[in-house]
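Data block below; observations after.
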Amino acid sequence: MADPTLIPDWLLTPAERLVSEAGQLEGPVTDPQAARDLYGDYARPAPSREARIRLILDLVAEGHSVAAAARAAGIAPSTVYAWRRTDEAFAAALEGAEALRADLIEGEAIRRAVHGWDEPVYHRGELVGYVRRYSDSLLDRLLRGYLPERYRDRASVEQHVTGDLPPTIVLPAEMSVDEWRARYVEGECERIDDDDADA
3 MADPTLIPDW LLTPAERLVS EAGQLEGPVT DPQAARDLYG DYARPAPSRE
53 ARIRLILDLV AEGHSVAAAA RAAGIAPSTV YAWRRTDEAF AAALEGAEAL
103 RADLIEGEAI RRAVHGWDEP VYHRGELVGY VRRYSDSLLD RLLRGYLPER
153 YRDRASVEQH VTGDLPPTIV LPAEMSVDEW RARYVEGECE RIDDDDADA
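Numbering follows this note's numbering, with no gaps: position 189 of the sequence shown is 191.
Right under this line is the structure:
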């Protein structure tokens with residue numbers, strides 16, 4: 003790993019950022035390696051919350067799950083989910099990192115579907131060449147997502163009704179269907195057509 007003190011912060015890897023953050027803490031020994039030499043591994047200061055958040059956001063944006071990023075930062079995933087619920091700034095930053103991860107995953111799906119990948123071919127244990135492979139199922143899903151009007155399933159149901167439709171029966175809340183049927187047969191209830199109901 004490169005010496006983080008000689009590299010600008012924006013070029014550091016997530017692991018180097020943690021070391022850099024730890025090295026910038028005030029105390030008798032600010033160099034992490036010197037602290038380990040003097041006091042052993044227990045002398046290494048714990049990364050700050052900000053350093054852990056930066057690491058989590060970087061790892062999520064690079065394609066890792068929130069749980070894996072939390073474990074890499076040395077905290078429980080439930081802590082990250084609690085921060086998401088209670089800290090609006092962190093929630094917005096995590097949402098942005100997840101959007102970057104989605105773009106990364108989508109780009110990889112496009113690469114595998116359109117450009118393919120080289121799969122090694124072995125004969126009797128020796129590499130003899132490569133075969134270009136493509137993912138037809140990924141291509142199908144991408145087409146359905148990008149052009150749904152052209153590549154959706156064409157299942158449709160058409161219904162043509164001719165003649166009179168059966169009447170819609172609206173019963174008073176206190177009347178059962180059997181009671182209505184008995185009254186209708188006896189002529190106590192009258193039929194109301196849709197045209198009459200609007201009036």
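We treat Cβ as the ideally placed atom computed from N, Cα and C, and that holds for glycine. Treat the numbers as computed from the prediction; the structure is a model and nothing was measured.
{"query": "Residue nearest to Gly-98 in terms of C-alpha spacing, selected from Val-68, Val-116, Pro-122", "result": "Val-68"}
{"query": "Cβ contact check for the segment 124–142 and the segment 109–116: 3 or more pairs under 8 Å", "result": "yes"}
{"query": "heavy atom of the ligand MN below 6 Å from Ala-71 C-beta", "result": "As far as ligands go, the structure on display features none, and thus does not contain the ligand MN."}
{"query": "One or two residues paired with Asp-120 in a DSSP bridge", "result": "Arg-134"}
{"query": "Cα-Cα separation between Glu-181 and Asp-155, rounded to whole angstroms", "result": "47 Å"}
{"query": "Cβ contact (3+ pairs, closer than 8 Å) linking the segment 53–61 and the segment 90–110", "result": "yes"}
{"query": "Whole-angstrom distance between Ala-71 and Val-62, CA atom to CA atom", "result": "6 Å"}
{"query": "Completely contained beta strand (DSSP E) runs for the segment 47–130, where each covers 3 or more residues", "result": "119–125"}
{"query": "Contacting residues, own chain, Cβ-Cβ under 6 Å from Leu-106 (five flanking each side not counted)", "result": "Gly-65"}
{"query": "C-beta atoms of Ala-75 and Arg-54 nearer than 7 Å", "result": "yes"}
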